[in-house]
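Undergrad: Numbering (the working numbering), first residue to last: 1205 to 1600. I have a structure here, written as structure tokens, and I will follow up with some questions on it.
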């Protein structure tokens, strides 16, 4: 059934009330606190490794000596630089977070980073534990690919550890004066003329396995920024709506943010390729994305830049996969009920609030009929002649 109702004002364009998108934003206080913690983490790691360098002559172990010569660089990644960060629905136990990768330019020996993974993890953790203790924070070392600082019940910062080839970093620094690191937010480093590291030479430290694995978060960042250049910020907004639905539906778990982003981008691409025109409104895009999600989640969702990497289902139990697929189908049906089948604007709002929560404004007056639906409604009912019984069907 075609779309009957336009809810763009409820989603993001209303000025007489705070639309859904605005209510998804974190507060100014929360963002200030988040960036303040990030700054303290960076300063602590810079100072901590400077102190190690100053004490280099005290180390006799070759691994420890090499470690003391390293200097950290930083690159924020994830939803903050994607500009898809939401204030969670259930805050707490859900938390606002920022991912701030710490990068160490170093030698590669036989294709692997020279520094011992375990020693580097220990050094970063020890520095951050001192910082946490002085600020009444906590350090969580249970994550396999990062050190997590828990600021309070509502906020945490994840610090994954990366190694990059020092000679490649030297070229990067000489070319763009290392502006992607330490200074400007990485979201600004998206020009086609930027120098990017070879993704096969960016290594992520994995805890307990004492190993490095090739993993470059900048690859997905470039991909998403590229799709947003093609599809405008509408793609970002749709991703944020999907995350809002996910956070309402699952207090913990559910489809990952990146899988929702990949699925949404695929629908945007398909629409542009087949219709030769972009979506005309957020609600048109939302309906199309919702309709495609069940088929997308019925199959594997893969990294668009590394198709051999399966992103869904991954690290999930069978019952979790079934639940995600069931709720994705329910999401599709509920979006269709709201936008296509609801008879009144009150029904539209009630259904949207069932999908996305009370952050959808209770403003039926902001719901508009689509032009075709409005035209059909204005056509007066025509009196129909009573049909004559067919001679062949008369009773004997």
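Ideal Cβ placement from N, Cα and C applies to all residues, glycine included.
1. In the DSSP assignment, what residue or residues form a beta bridge with residue 1361?
2. Pick from 1534, 1423 and 1443: whose alpha carbon is nearest that of residue 1559?
3. Which residue from 1289, 1573 and 1306 puts its Cα closest to that of residue 1298?
4. In this structure, how does DSSP classify residue 1395 when only helix, strand and coil are distinguished?
5. For residue 1515, does the three-state DSSP call read helix, strand or coil?
6. If we require 3 or more residues per run, which beta strand (DSSP E) segments fall completely within the stretch 1400–1459?
7. How many Å lie between residue 1594 and residue 1517 at the Cα?
8. Would you check if the stretch 1231–1241 and the stretch 1354–1373 touch, i.e. whether three or more CB-CB distances between them fall below 8 Å?
9. Quick check on the burial criterion: 16 or more other C-beta atoms within 10 angstroms. Buried or exposed for residue 1479?
10. Kindly indicate which three-state DSSP category residue 1505 falls into: helix, strand or coil?
11. Spatial neighbours of residue 1542 within its chain, please: C-beta separation below 6 Å, excluding the five flanking residues on both sides.
12. Counting C-beta neighbours from all protein chains within 10 Å, is the total for residue 1447 16 or more, i.e. buried, or is it exposed?
13. Measuring only the C-alpha atoms, how far is residue 1644 from residue 1223?
14. What does the Cβ neighbour count give for residue 1550, buried or exposed, with the cut at 16 atoms within 10 Å?
15. Only counting the same chain, and skipping five residues up and downstream in sequence, which positions put a Cβ closer than 7 Å to that of residue 1381?
16. Considering just the uninterrupted stretch of the beta strand (DSSP E) at residue 1472, what are its terminal residues?
17. I'd like the list of long-range same chain contacts for residue 1500, defined as Cβ closer than 6 Å, with 5 residues on each side in sequence excluded.
18. Just to confirm, is the Cβ distance from residue 1249 to residue 1292 under 7 Å?
19. Excluding five sequence neighbours on each side, which residues of the same chain lie with their C-beta closer than 7 Å to the C-beta of residue 1316?
20. Determine which residues share a DSSP beta bridge with residue 1309 and list them.
21. Helix, strand or coil for residue 1281 per DSSP?
22. Please report the residue range of the beta strand (DSSP E) in which residue 1569 lies.
23. Is residue 1337 helix, strand or coil by DSSP?
24. Work out the CA separation of residue 1436 and residue 1227 for me, nearest whole Å.
25. May I ask you to report which of helix, strand or coil DSSP gives residue 1210?
26. Can you tell me where the beta strand (DSSP E) holding residue 1342 begins and where it ends?
27. What would DSSP say about residue 1317, mapped onto helix, strand or coil?
28. So for residue 1274, helix, strand or coil by DSSP?
29. What residue range is occupied by the uninterrupted alpha helix (DSSP H) comprising residue 1538?
30. So, at 8 Å on beta carbons, what are the nonlocal neighbours of residue 1410 in its own chain, with the 5 sequence-adjacent residues on each side left out?
31. Tell me which residues share the same chain as residue 1611 and place their Cβ nearer than 6 Å to its Cβ, disregarding the 5 neighbours each side in the sequence.
32. By how many angstroms is the C-alpha of residue 1473 removed from the C-alpha of residue 1438?
33. Taking Cβ to Cβ, would you say residue 1310 is nearer than 7 Å to residue 1370?
34. On the DSSP letters alone, give me the boundaries of the alpha helix (DSSP H) that residue 1263 sits inside.
35. With distances taken between CB atoms, is the gap from residue 1442 to residue 1490 smaller than 7 Å?
TA: Well, looking at it:
1. Start at 1 with the first residue of the chain shown, and residue 1361 comes out as number 157. Looking at the DSSP assignment, residue 1361 forms a beta bridge with 1302 and 1353.
2. Indexing the chain shown from 1 puts residue 1559 at position 355. The residue with the shortest Cα to Cα distance from residue 1559 is 1534.
3. Working through the chain shown from its first residue, we reach residue 1298 at position 94. It is 1289 whose Cα lies nearest to the Cα of residue 1298.
4. Here residue 1395 refers to the residue found at position 191 when the chain shown is read from its first residue. Confidence is the limiting factor: at residue 1395 the pLDDT is only 39, short of 50, which leaves the residue's position unreliable, though a coordinate-based value still follows. Residue 1395: coil per DSSP, three-state reduction.
5. Position 311 of the chain shown, counted from the first residue, corresponds to residue 1515. Strand, per DSSP.
6. 1407–1410 and 1415–1418
7. Position 390 of the chain shown, counting from 1, holds the residue named residue 1594. Position 313 of the chain shown, counting from 1, holds the residue named residue 1517. Confidence at residue 1594 is low in this model, with a pLDDT of 43, below 50, so the placement of that residue is unreliable and no value is reported for it.
8. yes
9. If you number the chain shown from 1, residue 1479 lands on position 275. Flag for residue 1479 reads exposed.
10. The residue you call residue 1505 lines up with position 301 of the chain shown. Correct three-state label for residue 1505: strand.
11. As a first step, residue 1542 is located in the chain shown; it is residue number 338 there, counting from the start. Within the same chain, residue 1542 has close Cβ partners 1552, 1555 and 1556.
12. Numbered from its first residue, the chain shown carries residue 1447 at position 243. That one is buried.
13. Here the chain covers residues 1205 to 1600 and nothing more, so residue 1644 does not appear.
14. Taking the chain shown and counting its residues from 1, one reaches residue 1550 at position 346. Label assigned to residue 1550: exposed.
15. For this step, residue 1381 is matched to residue 177 along the chain shown. Only weak support exists for where residue 1381 lies, its pLDDT of 46 falling under 50; the coordinates are left without a value.
16. What you label residue 1472 is simply residue 268 of the chain shown in a count that begins at 1. First-last for residue 1472: 1461–1479, but that is the alpha helix (DSSP H), not the beta strand (DSSP E).
17. In the chain shown, residue 1500 corresponds to position 296, counting from 1. Taken in chain order, the residues that qualify are 1467.
18. Within the chain shown, residue 1249 is the residue found at index 45, counting from 1. Within the chain shown, residue 1292 is the residue found at index 88, counting from 1. Cβ distance not < 7 Å, so residue 1249 and residue 1292 don't count as in contact.
19. Here the question's residue 1316 lines up with position 112 in the chain shown. Excluding sequence neighbours, residue 1316 sits near 1416.
20. Counting from one through the chain shown, the residue named residue 1309 turns up at place 105. In DSSP, residue 1309 forms a bridge with 1368.
21. Translated into the one-based positions of the chain shown, residue 1281 becomes position 77. It is a strand residue.
22. In the chain shown, counting from the first residue as 1, residue 1569 sits at position 365. From DSSP, residue 1569 is part of no beta strand (DSSP E); its letter is neither H nor E.
23. Position 133 of the chain shown, counted from the first residue, corresponds to residue 1337. Of the three classes helix, strand and coil, the one that applies to residue 1337 here is helix, per DSSP.
24. For the purposes of this step, residue 1227 is taken as the residue at position 23 of the chain shown. For the purposes of this step, residue 1436 is taken as the residue at position 232 of the chain shown. Going by the C-alpha atoms only, they are around 21 Å apart.
25. By 1-based counting over the chain shown, the position of residue 1210 is 6. Of the three classes helix, strand and coil, the one that applies to residue 1210 here is strand, per DSSP.
26. Here residue 1342 corresponds to residue number 138 of the chain shown, with the count starting at 1. Per DSSP, residue 1342 belongs to the beta strand (DSSP E) from 1342–1344.
27. For the purposes of this step, residue 1317 is identified with residue 113 of the chain shown, where counting begins at 1. Reduced to three states, the DSSP call for residue 1317 is strand.
28. Against the chain shown, residue 1274 aligns to sequence position 70. Looking at residue 1274 - three-state DSSP - the assignment turns out to be coil, as it is neither helix nor strand.
29. As a first step, residue 1538 is located in the chain shown; it is residue number 334 there, counting from the start. That run of the alpha helix (DSSP H) goes 1522–1540.
30. By one-based count along the chain shown, residue 1410 stands at place 206. Counting only Cβ-Cβ distances below 8 Å, and skipping sequence neighbours, we find 1321, 1348, 1349, 1416 and 1417.
31. With the chain represented from 1205 up to 1600, any question about residue 1611 goes unanswered, as that position is not in the structure.
32. By one-based count along the chain shown, residue 1438 stands at place 234. By one-based count along the chain shown, residue 1473 stands at place 269. Taking the straight line joining both Cα atoms gives about 13 Å.
33. Numbered from its first residue, the chain shown carries residue 1310 at position 106. Numbered from its first residue, the chain shown carries residue 1370 at position 166. Yes, these two residues count as a Cβ contact at 7 Å.
34. Position 59 of the chain shown, counted from the first residue, corresponds to residue 1263. Note, residue 1263: premise wrong, no alpha helix (DSSP H); not H, not E.
35. The residue you call residue 1442 lines up with position 238 of the chain shown. The residue you call residue 1490 lines up with position 286 of the chain shown. Result yes, Cβ atoms of residue 1442 and residue 1490 sit closer than 7 Å.
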